[in-house]
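Just below is one structure, and these are the notes that go with it.
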Amino acid sequence: MAAILLDIDGVFHVSGDPIAGGADAVRRLREAGHRLRFVTNNTTRARATLAEELRAMGIPLDDEELQTTPRAAAHTLAGQRVLAMTMHAIVGELEGVELVGEDAEAVLIGGADETPETNLVFSYMNLARAFHELEAGAQLYSLHKNRWWQTKHGPLLDAGAFVAGLEYAADTEAIVLGKPSRQYFEAALQALDAEAGMTWMVGDDIEADIGGAQGHGLKTILVRTGKFRPDEVEASRIRPDGIISSIAQLPEWLEEHL
Ligand SMILES: [Mg+2]
29 MAAILLDIDG VFHVSGDPIA GGADAVRRLR EAGHRLRFVT NNTTRARATL
79 AEELRAMGIP LDDEELQTTP RAAAHTLAGQ RVLAMTMHAI VGELEGVELV
129 GEDAEAVLIG GADETPETNL VFSYMNLARA FHELEAGAQL YSLHKNRWWQ
179 TKHGPLLDAG AFVAGLEYAA DTEAIVLGKP SRQYFEAALQ ALDAEAGMTW
229 MVGDDIEADI GGAQGHGLKT ILVRTGKFRP DEVEASRIRP DGIISSIAQL
279 PEWLEEHL
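Adding 28 to a residue's 1-based position in the sequence shown gives its number in our numbering.
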């Protein structure tokens with residue numbers, strides 16, 4: 029039996045539209061005795077909301093099986109004064125973090141999103157405030173540094189562009205809290221009490237999912253859904269251990285390859 033980390037966005041759904049066979053695949057993986065953890069770079073929803081949405085798609089899971097970046101941020105930044113530029117929906121997840129407008133010890137950048145709030149989050153004024161805090165010595169953190177993400181209307185600009193912009197302007201380097209960071213994968217392995225070499229990461233992102241997991245010694249499977257692009261995979265030096273058409277194929281693939 030294996031430990032399996034499952035990405036969500038682009039693996040089980042795109043913009044809320046379920047990818048066929050996802051719910052059935054999870055059921056079969058559980059029946060086969062595999063230990064599962066859902067690992068997402070999502071920055072737009074609280075964990076309970078995300079879990080509820082997955083259950084509404086027929087995917088059986090407990091809230092506790094879902095690992096999110098806002099909770100990773102709360103863990104890392106507890107007790108610190110933080111200027112947070114995040115989506116409103118995840119502010120409640122930042123338990124123990126003191127949210128401030130100035131004199132921050134840390135600046136936290138969340139994700140981009142297609143809702144109008146994003147324009148407020150990444151306005152010139154807000155980015156200039158973040159820059160000011162970084163110049164005064166605050167450490168830059170980001171929930172993730174994804175370049176873009178896949179929606180049902182096509183690719184959309186993600187938060188990585190804003191993180192890179194602040195890094196450039198303030199001549200600093202952000203600490204990334206979600207995938208592909210080491211701590212994020214380490215936390216997932218700890219939760220499953222699993223060894224990296226016996227654990228599989230399944231995702232649609234060649235960099236954050238596959239590259240990140242390989243860097244931590246995990247085995248990897250790329251799905252041809254979500255943000256998967258054949259030319260990007262071909263051009264990349266990152267080689268997943270397996271490539272499957274979709275999550276629906278995973279139980280069978282593992283039966284053959286484990
Ligand atoms: Mg994904």
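Cβ atoms here follow ideal geometry from the backbone N, Cα and C, with glycine treated the same way.
Nearest CA to the CA of residue i: which residue from the options?
i	options	result
alanine 1	Tyr169, Ala241, Lys180, Ala79	Nothing about residue 1 can be reported from this structure: the residues present for the chain run from 29 to 286 only.
lysine 255	Glu262, Ala241, Val261, Asp232	Asp232
alanine 100	Ile87, Met113, Asn69	Asn69
glutamate 214	Ala189, Ile36, Leu246	Leu246
alanine 63	Leu220, Arg257, Arg56, Gly243	Position check: residue 63 holds arginine in this sequence, whereas alanine was assumed. For the residues Leu220, Arg257, Arg56, Gly243, the minimum Cα distance to arginine 63 belongs to Leu220.
aspartate 131	Glu161, Val149, Lys173, Thr114	Glu161
alanine 74	Thr96, Asn174, Leu286	Thr96
aspartate 52	Ala79, Leu194, Leu94, Met85	Met85
Less than 9 Å between the beta carbons of residue i and residue j, yes or no?
i	j	result
isoleucine 137	alanine 187	yes
leucine 111	valine 135	yes
isoleucine 249	isoleucine 271	yes
In its own chain, which residues sit with a C-beta less than 6 Å from the C-beta of residue i, not counting the 5 before and 5 after it?
i	result
glycine 165	none
Ignore the nearest five residues each way along the sequence and tell me which others in residue i's own chain have a CB closer than 8 Å to its CB.
i	result
glutamate 163	Ala198
alanine 60	Met29, Pro279, Leu282, Glu283
alanine 76	Asp91
serine 209	Ile203, Gly240
Report yes if the C-beta of residue i is less than 8 Å from at least one heavy atom of ligand 1; otherwise report no.
i	result
isoleucine 36	yes
glycine 231	yes
lysine 255	yes
valine 39	yes
aspartate 237	yes
asparagine 69	yes
For residue i, which residues of its own chain have a beta-carbon under 7 Å away from its beta-carbon, when the five flanking residues on both sides are left out?
i	result
glycine 124	Ala102, Ala106, Gly107
Minimum length 4: unbroken alpha helix (DSSP H) runs contained in the segment 134 to 202: Complete alpha helix (DSSP H) runs here, min 4: 145 to 149, 152 to 163, 188 to 198.
Segments of 3+ residues assigned as beta strand (DSSP E) that fall wholly inside the segment 202 to 262: 227 to 231, 247 to 251
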